[in-house]
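Accompanying notes for the structure given below.
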Amino acid sequence: MEKDLKKEVTKFGLLATGFLVFYFLPFGSQYVQDAIISGFTMLGSYAREHVLLCLVPAFFIAGTINVFIRKDAILKLLGPDARKIISYPIAAVSGGILAVCSCTILPLFGGIYKRGAGLGPAVAFLFSGPAINVAAIFLTGSAIGWEIALVRIVGTSTSAILIGLTMHSIFREKGSGGFATQESDDQISWPEAIGFLALQMTFLIVGGLAIDPVVKASILVVSAGAVFVMAVRFKGELRNQWLSETWDFAKKILPYLFFGVFAAGIISSALPQSFVESLLGGNRLSSTLFASVFGAFMYFATLTEVPIVQSLMSLGMGKGPALALFMAGNSLSLPSMIVITRLLGKKRAFTYFGLVVVFSTFWGFIYGNLF
Amino acid sequence: MKIEIFGSGCPRCKQTEKIMKKAVEELGSDAEVDKVTDMMAIMEKGIVSTPAVAIDGKIVLSGKIPSIDEAKRLIKG
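Top to bottom, those sequences are chains A and B. Reading the first sequence from the start, the letters are residues 1 to 371 in this note's numbering. Reading the second sequence from the start, the letters are residues 1001 to 1077 in this note's numbering.
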């Protein structure tokens, strides 16, 4: 009953806010009109350039990873007996395979911390998990540039390892007990799963290349055809799972992303350039630090960080602050801070938040000034 | 028989709960279906990917939504 009432109050709040916005916003003014047009223009360019060749294949890949790739083998490398030299790098990059969606990060983090390789690797995973995924990397590359996409992977995974090692050296905690993994046996074989994944990756990568259109189109058609043929030959139950997981991702991510793109379009018209430049411009230490702290508190729904950073960069944000915003923005937000504090306790959690800001600023500053 | 569904309340977990309940109903089983949403309790169990399903305390499924047939198989043991 209590919960129902809260839900209704929230709905009322949303409706009332919408009403007030539409009541008071001066739609006749040039400023507001420009901002709205800019929002739609940006939606248009995302729909044309990034949906078919980037996001759709990325969702299929996420579905494939979720259904066909066995996770227990990777989890074994993060168990209580794992050696440091293996567990840290694996924790830093396995987000791409273990956690295709941010809602699966926290249970994995908790498991690695309490029952697996301990606090250090768990924190490494927590930091990089949300950023190291196929969709985020490819959308960053195709919307902003491949250099920053690459730096984003490298910066995130190395900082993850360093943050994890620092946390471990301060608190020295190991987990014990191991994981409860249980996966059904009606799976396809490893080679088949890898091949299926590789075909989809080919489609995604070639889709983003600027090569001869005829070559490109033929590779795309062949790989898509091969994926289709393989999928038809799977057992029905498995194929349905694959399609429903893929659909699940699209359903969960796209509405927020479209909203984020629209908001990013509005920002790029409504925020004065001088304002962005003074806070985030250039590659100064102060603007990089500001970007890290802002990113740490601000909540970005999956992938929405990309259009937002794109808009801010068009208004003069430097690439150092952009990298810092990517790194801190993905791994922390005010809501996730609250959960992490509850799981880790104040001392550990605040140390972690501090390290995230320090390392994001550090990498952002280096990247902004050296490249 | 006691069936527990572990999950933080995400849509996938809710769907798993719905399917397990439906399977129990269709089988005419007297199993009771409980939901565990507390993150700490989920961690204590060593569950790393949700949704997860435990039957009489033993984890039988983790990290995916079962199909209705799979759910029935699990309940029948």
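Yeah, the Cβ is synthetic: ideal placement off N, Cα and C, and Gly gets one too. Everything numeric in this text was worked out from a predicted model, so none of it was measured.
Checklist entry - For chain A, is any of its Cβ atoms less than 8 angstroms away from the one on T1050 (chain B)? => result For T1050 (chain B), the answer is yes, since a Cβ of chain A falls inside 8 angstroms of its Cβ.
Item to check | Three-state class that DSSP yields for E1025 (chain B) in the structure shown | outcome: Judged by DSSP in its simplified three-state form, E1025 (chain B) adopts helix.
Checklist entry - Quick one: what's got a C-beta closer than 6 angstroms to S286 (chain A)'s C-beta in the same chain, skipping five residues either side? => result So no residue of the chain qualifies.
Next on the checklist: For a contact defined as C-beta to C-beta under 8 angstroms, what are the partners of D248 (chain A) on chain B?
Outcome noted: Close partners of D248 (chain A) in chain B (Cβ separation under 8 angstroms): P1011, R1012.
Item to check | A1071 (chain B) to F19 (chain A) span [Cα, whole Å] | outcome: Separation of A1071 (chain B) and F19 (chain A) (C-alpha to C-alpha, rounded to the nearest whole angstrom) is 46 angstroms.
Checklist entry - At which residues does the beta strand (DSSP E) containing S29 (chain A) begin and terminate? => result For S29 (chain A), no beta strand (DSSP E) run applies, since DSSP gives it neither H nor E.
Next on the checklist: Suppose you measure from the CA of M1040 (chain B) to the CA of D1034 (chain B); what does that come to, to the nearest Å?
Outcome noted: The alpha-carbon atoms of M1040 (chain B) and D1034 (chain B) are separated by roughly 16 angstroms.
Item to check | Contact set for L197 (chain A): own chain, Cβ-Cβ below 8 angstroms, skip 5 residues either direction | outcome: Listed in chain order, the non-local C-beta contacts of L197 (chain A) below 8 angstroms within the same chain comprise I61, T64, I65, F68, I69, local neighbours out to five positions each way being set aside.
Checklist entry - Name the chain B residues whose beta carbon is nearer than 7 angstroms to that of R115 (chain A)? => result The contacting residues are G1046.
Checklist entry - Using a beta-carbon distance cut-off of less than 7 angstroms, what residues from the segment 103–132 of chain A approach chain B? => result If the cut-off is 7 angstroms between Cβ atoms, the segment 103–132 of chain A has C103, T104, L106, P107, L108, G110, G111, K114, R115 near chain B.
Checklist entry - Between the segment 71–95 of chain A and chain B, which residues of the former have CB atoms less than 7 angstroms from a CB of the latter, in chain order? => result Per Cβ criterion, the list reads K71, L75.
Next on the checklist: Can you find the residues in the same chain that come closer than 6 angstroms, C-beta to C-beta, to S157 (chain A), ignoring five residues on each side of it along the sequence?
Outcome noted: Taking S157 (chain A) as the centre and dropping the five residues before and after it, the same chain places the C-beta of A92, V93, S128 closer than 6 angstroms to its C-beta, in chain order.
Item to check | Strand pairing of F1006 (chain B), partner residues [DSSP] | outcome: Partner(s): B:V1036, B:A1052.
Checklist entry - L343 (chain A) versus chain B: which residues are under 9 angstroms apart at the beta carbon? => result What L343 (chain A) touches in chain B: M1039, M1040, M1043.
Checklist entry - Ends of the alpha helix (DSSP H) at I137 (chain A)? => result Residues 134–143.
Item to check | Boundaries (first-last residue) of the beta strand (DSSP E) holding A1047 (chain B) | outcome: Checking the sequence shown, residue 1047 (chain B) turns out to be Ile, not Ala. Per DSSP, I1047 (chain B) is not a residue of any beta strand (DSSP E), being assigned neither H nor E.
Checklist entry - Who does S1062 (chain B) pair with in a DSSP beta bridge? => result For S1062 (chain B), which the question treats as bridged, DSSP gives the partners B:A1052.
Checklist entry - What is the DSSP secondary structure of G345 (chain A), reduced to helix, strand or coil? => result Coil, per DSSP.
Item to check | Option nearest A210 (chain A) by Cα separation, candidates A:L150, A:F12, A:F362, A:L53 | outcome: Comparing Cα positions, the closest option is A:L53.
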